[in-house]
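K.L.:
Read top to bottom, the protein sequences are chains A and B.
Each residue of the first sequence is one higher than the last, beginning at 10 in the numbering used here.
Each residue of the second sequence is one higher than the last, beginning at 7 in the numbering used here.
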Amino acid sequence: MSYIAIRMLMGDRSKYLGIIMGLTFASLIMTQQPAIFVGLMTRSFSFISDVGLPDIWVMDPKVQFVDDVKPLQDTELYRVRGVSGVDWAMPLYKGLIKARLTNGNFQTCNVIGLDDATLIGGPPEMIEGRLEDLRRADSVIVDQYGANEKLGVKGPDGTLSPLKVGDLLELNDHRAIVVGIAKTTRTFQSQPVVYTTYSRAKNMAPRERKLLSFILVKAKPSVALEELTRNIESHTGLAAYTQKGFQELTYNYYMKNTGIPINFGISVALGFLVGAAIAGQTFYSFTLENLRQFAVLKAMGAGNGTLLMMILLQASIVGIIGYGLGVGLTSVFGWAMRNTILSFKFPWQLLVFSGVGVMLICLIAAGISIRKVMTLEPAMVFKT
Amino acid sequence: MMAVHCRNLTKRYQAGGQEVMALRGVHLDIPVGQLMMLVGPSGCGKTTLISVIAGILDQDEGTCEVYGVDLKSLSDRDKLAFRAKNIGFVFQSYNLLPSLTAQENAAVPLIINGVKRPLALQAAREILDRVGLGQRLTSMPSQLSGGQQQRVAIARSLVHDPRLIVCDEPTSALDHDTGQRVMELLKGVALDAGKALIIVTHDERIFEFADTIAHMDDGNIVKSPSLQPTSTSPY
Ligand SMILES: Nc1ncnc2c1ncn2[C@@H]1O[C@H](COP(=O)(O)OP(=O)(O)OP(=O)(O)O)[C@@H](O)[C@H]1O
Ligand SMILES: [Mg+2]
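1. Give the range of the alpha helix (DSSP H) segment to which A/Val365 is assigned.
2. Under 8 Å, do A/Val367 and A/Tyr332 count as touching if we go by C-beta distance?
3. Reducing DSSP to helix, strand and coil, say where B/Glu132 ends up.
4. Which of the residues in the stretch 95 to 111 of chain B, read from start to end, lie with their CB under 8 Å from any CB of chain A?
5. Name, please, each residue of chain A whose Cβ falls closer than 9 Å to the Cβ of B/Thr207.
6. Write down the C-beta distance between B/Leu143 and B/Gln186 rounded to the nearest angstrom, noting that I regard them as a contact closer than 8 Å.
7. With DSSP collapsed to three states, give me the class of A/Thr322.
8. DSSP state of B/Arg89, grouped into three classes?
9. Given this structure, state the Cα-to-Cα distance separating B/Tyr241 from A/Leu322, to the nearest angstrom.
10. Quick one: what's got a C-beta closer than 6 Å to B/Pro147's C-beta in the same chain, skipping five residues either side?
11. Please list the terminal residues of the continuous beta strand (DSSP E) segment that includes B/Asn3.
12. Give the DSSP-derived three-state secondary structure of B/His166 in the structure shown.
13. Report the option in A/Leu317, A/Lys381 and A/Met17 whose CA atom is closest to the CA atom of A/Val293.
14. Residue ranges of each beta strand (DSSP E) run of no fewer than 3 residues wholly in the stretch 66 to 129 of chain A, ordered along the chain?
15. If you reduce the DSSP assignment to three classes, tell me which class B/Phe215 lands in.
16. By a C-beta neighbour count over all protein chains shown, 10 Å radius and 16 as the cutoff for buried, is B/Ser237 buried or exposed?
17. By the three-class DSSP mapping on this structure, what secondary structure does B/Glu25 have?
18. Quick one: is the Cβ of B/Lys52 within less than 7 Å of any heavy atom of ligand 4?
19. Cβ-heavy atom distance between A/Phe391 and ligand 2 below 7 Å?
20. Would you please state the rounded distance, in angstroms, between the beta carbons of A/Glu217 and A/Pro80? I believe it to be under 8 Å.
21. Touch check for the stretch 89 to 102 of chain B and the stretch 165 to 172 of chain B: three-plus C-beta pairs under 8 Å?
22. Could you check if A/Val327 belongs to the surroundings of ligand 2, using beta carbon to heavy atom distance under 7 Å?
23. Which full runs of the alpha helix (DSSP H) of 4+ residues lie inside the stretch 156 to 192 of chain A, going along the chain?
24. Which of the three DSSP states is assigned to A/Thr194 in this structure?
25. Strictly by DSSP, which residues pair up with B/Gly70?
26. Please list, in chain order, the chain A residues whose beta carbon lies closer than 9 Å to that of B/Leu180.
27. Tell me, please, whether the CB atom of B/Asp174 is closer than 8 Å to any CB atom in chain A?
28. Using a Cβ-Cβ cut-off of 8 Å, state whether A/Gly312 counts as contacting chain B.
29. Any C-beta of chain B within less than 9 Å: which residues of the stretch 352 to 384 of chain A qualify?
30. Beta-carbon of A/Leu297 versus every beta-carbon of chain B: anything under 8 Å?
31. Can you pull the chain B neighbours of A/Tyr12, defined as C-beta to C-beta under 7 Å?
32. Spatial neighbours of A/Ile9 within its chain, please: C-beta separation below 6 Å, excluding the five flanking residues on both sides.
33. Which residues of the stretch 24 to 46 of chain B have a Cβ closer than 9 Å to any Cβ of chain A? Give them in chain order.
34. Of the residues B/Leu127, B/Ile133, B/Thr53 and B/Lys229, which one's Cα is nearest the Cα of B/Ile204?
35. Using DSSP bridges, identify the partner residues of B/Arg30.
36. In the DSSP output, what is B/His221 paired with across the bridge?
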């Protein structure tokens, strides 16, 4: 009977394709939109991941997320270094500073000041130049997106030439020379990222009493991180998070305080509804058109259980094909967008998520059809 | 032995608040080995009667035994199994499954009975040979003429070797010659040992194939089955 069910399904080519298109659409939206969402949300904390090396981030207790800088006094650094279990602790400056480009335009930059001696907290990967070049006078390193886009120089003919090693910048009236291009992960902040040393960053920054943004801490081997964060907090009155904890703090801030989750939630729900409507409607009308065939089978002795199995099989086939196509298209989409500004992350949990969604649609579609077939009177076969 | 033995069958339909008496106490016997035709004016209850006999419709009162089995007394499950094994159907509108080939269509009753597909297809091929469609095994119904489709339907009604074959207007969609051929087939192929046929028809050109003719009017058999087919039938 499964064979008959399959032949029946494929026999009506246009409906068959219609149902599959509906399901493909639904599974595409239900995979692709969350993939962009997950990608976007990991961007919220990609700066923390990029810094990488330290175990613990120490900051003002009122800080809500990574770009919410509330500066500390420099003396806090020494207090943190005094906490037992701390292997080392380094300062990090993070702040917005205006850069003047050679053509006279201004561009706000996200300036990161690294500990002068160790340069801890630098970019994960260099495209050009070396991190150590920051030790040269007035030197800065610029991230590749900033160099190629916002800090690029527009020529008279309108073409944009990227910022190169050796080019000059003016950061808050301080001369800076580009000594390297870094590869960073995109963040929520669209400003170019400019790395320099901590003392130079302090010089460039507008005069303020406090300029220390974060203290980066490495724990001694065999010290439990959770315990060390509690120790630091109780000794200094500051907030201390593990790298993961700080990522979560940032991620949760964006989840709670922005419209991003709702917007994506609405897209996913729409994809589900539209897909369910197309696929469910077409599947139902497919069943209605085949009602006489089901009645003939019933008259000839096929029971409700058999017909139920046939419909479920038909629904599963279109479900699996639609799901596969949707997920496949999402992967192709992700691959095609890999070098663009678009965020895209495709963890396996998303496969489960959209799989369950497509399954629900198929069950709904099959459900309404099944009711119709179960209550079918076999005597209708003699009606012309 | 009676293939069909009905006593006092009644059936009412509810249609838009109105009650229609479709069967008003029908008595009917069909001996094994006979081809009985059921004739009568439109709406007199012929289709209702054969639906009850075939076990796809429950009567309100009375009994109907097919080869000694009272269908109404069976559980749903047993009734399905009984139908699957013992009843063959032929319809005016053929009712072939449009996405199956002729051979697959003819194999459907065997597949419903749980026969493995290769065996079922083999049996279907043999029976299609017998109805003269051995060359059209892989044709789809839409590629066949009306007469050819009805021959596939007849093959389907016979493939599982049922004991009672129920036909509603099997020739009325066909021209005269094709109708004659279909009837010859039914009569020749179907009436092997131990089978019976009941054919509802308006088509007096095929009365000559009947062993007996039962006349129905307004929910009743009005003339007992006569062994002499009448050529002056008003239908
Ligand atoms: N499902 C139904 N619901 C309501 N009334 C019905 C139903 N089926 C049949 N009837 C009525 O029952 C009566 C007998 O119908 P039936 O189909 O048995 O007649 P018939 O002799 O087969 O007619 P025809 O020669 O036109 O096929 C008719 O009055 C018909 O309108
Ligand atoms: Mg009728």
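Just so you know, even glycine gets a beta-carbon here, dropped at the ideal spot from N, CA and C.
P.N.:
Taking the coordinates as given:
1. Trp357 to Met383
2. yes
3. helix
4. Phe95, Phe97, Gln98, Ser99, Asn101, Leu103, Pro104, Ser105, Leu106 and Glu110
5. Per Cβ cutoff of 9 Å: no residues; B/Thr207 is ~13 Å from chain A at best.
6. Wrong, their Cβ atoms sit about 24 Å apart, outside the cutoff.
7. Note that residue 322 of chain A corresponds to Leu in the displayed sequence, not to Thr. Correct three-state label for A/Leu322: helix.
8. helix
9. In this prediction, B/Tyr241 scores a pLDDT of 48, lower than 50, which makes its location untrustworthy; no coordinate-derived value is stated.
10. Leu102, Pro104 and Gln155
11. There is no way to answer for residue 3 of chain B, as the model of chain B reaches only from 7 to 241.
12. coil
13. The question names Val, but residue 293 of chain A is Tyr in the sequence shown. It is A/Lys381.
14. 95 to 109 and 115 to 123
15. helix
16. Low per-residue confidence applies at B/Ser237: pLDDT is 46, beneath 50, and the placement is therefore not dependable enough to give any value.
17. strand
18. Here the bound small molecules are ligand 1 and ligand 2; ligand 4 is not part of this structure.
19. yes
20. 7 Å
21. yes
22. no
23. none
24. coil
25. Before going on, a small fix: residue 70 of chain B reads as Cys here, not Gly. Bridge partners of B/Cys70: B/Cys12.
26. Neighbours of B/Leu180 on chain A: none; closest Cβ ~14 Å, over 9 Å.
27. yes
28. yes
29. none
30. no
31. Arg123
32. Residue 9 of chain A lies beyond the stretch modelled for chain A, which goes from 10 to 393, so this question has no answer here.
33. none
34. B/Thr53
35. B/Thr16
36. B/Val45 and B/Lys229
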